[in-house]
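Okay, so the sequence shown: first residue is 17 according to my numbering, each after it adds one. Think of the CB as a built atom: it goes at the ideal place given N, C-alpha and C, for glycine as much as any other residue.
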Amino acid sequence: GASDKFISFFYVVLDLKTRRLTYCNCGHNPPILKRANGSIERLHAGGTLIGLRSGELFQEALVSLGRGDQLVLFTDGLSEVENAAGEQYGEDRIAQGLRMGKIGDAEETLDSIMQGVSEHCGGTFTDDATALVLSTL
17 GASDKFISFF YVVLDLKTRR LTYCNCGHNP PILKRANGSI ERLHAGGTLI GLRSGELFQE
77 ALVSLGRGDQ LVLFTDGLSE VENAAGEQYG EDRIAQGLRM GKIGDAEETL DSIMQGVSEH
137 CGGTFTDDAT ALVLSTL
């Protein structure tokens, strides 16, 4: 029935002039904001899965981006991929890889994420493996 239909969703609006990012996370993997100084923030604010409860209210949050910050969005196909021992890669490993990595452009960061995940699972993905990296200049 209709009660078993739900979706995770991350909504974001970036104002390029002010570098302000308004977002609402509806049960999706919390995107990771890597600051130019190397600190990591996870974007949790929002609510639960869309369609899970009727009349659910969702909250938006606002963050300001600085020069050199990177926003990393990813699907659970990356965080939940397993190695031969059945161990998931995990969101913490994605964040740790970002924390340890050098500050590069968006393509370098994306390549680094995908390489780490692929090495973990031996290149065998069982779900969509999608990531998006936004770098501010």
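{"Check": "For the beta strand (DSSP E) containing ALA100, list its first residue and its last residue.", "Outcome": "From DSSP, ALA100 is part of no beta strand (DSSP E); its letter is neither H nor E."}
{"Check": "On the three-state DSSP scale, how would you describe GLY17?", "Outcome": "Confidence is the limiting factor: at GLY17 the pLDDT is only 48, short of 50, which leaves the residue's position unreliable, though a coordinate-based value still follows. Coil at GLY17, not helix or strand."}
{"Check": "Assuming the contact rule is C-beta atoms closer than 8 Å, ALA147 and ILE119 should be a hit. Round their C-beta distance to whole Å, please.", "Outcome": "At roughly 17 Å, the Cβ-Cβ gap does not stay under 8 Å, so ALA147 and ILE119 are not in contact."}
{"Check": "How long is the line joining the alpha carbons of ILE66 and TYR39, rounded to whole angstroms?", "Outcome": "15 Å"}
{"Check": "Check each candidate in ARG83, ASP31, ARG69 and name the one with the smallest Cα separation from ILE186.", "Outcome": "Outside the displayed span of the chain (17 to 153) sits residue 186, for which this structure offers no information."}
{"Check": "Taking DSSP as the reference, what is the three-state secondary structure of ILE48?", "Outcome": "strand"}
{"Check": "Looking at the structure shown, is ASP31 part of a helix, part of a strand, or coil, going by DSSP?", "Outcome": "strand"}
{"Check": "If you draw a straight line from the C-alpha of ASP121 to the C-alpha of ILE48, how long is it?", "Outcome": "15 Å"}
{"Check": "Whole angstroms is fine: what's the gap from GLY93's alpha carbon to ALA145's?", "Outcome": "5 Å"}
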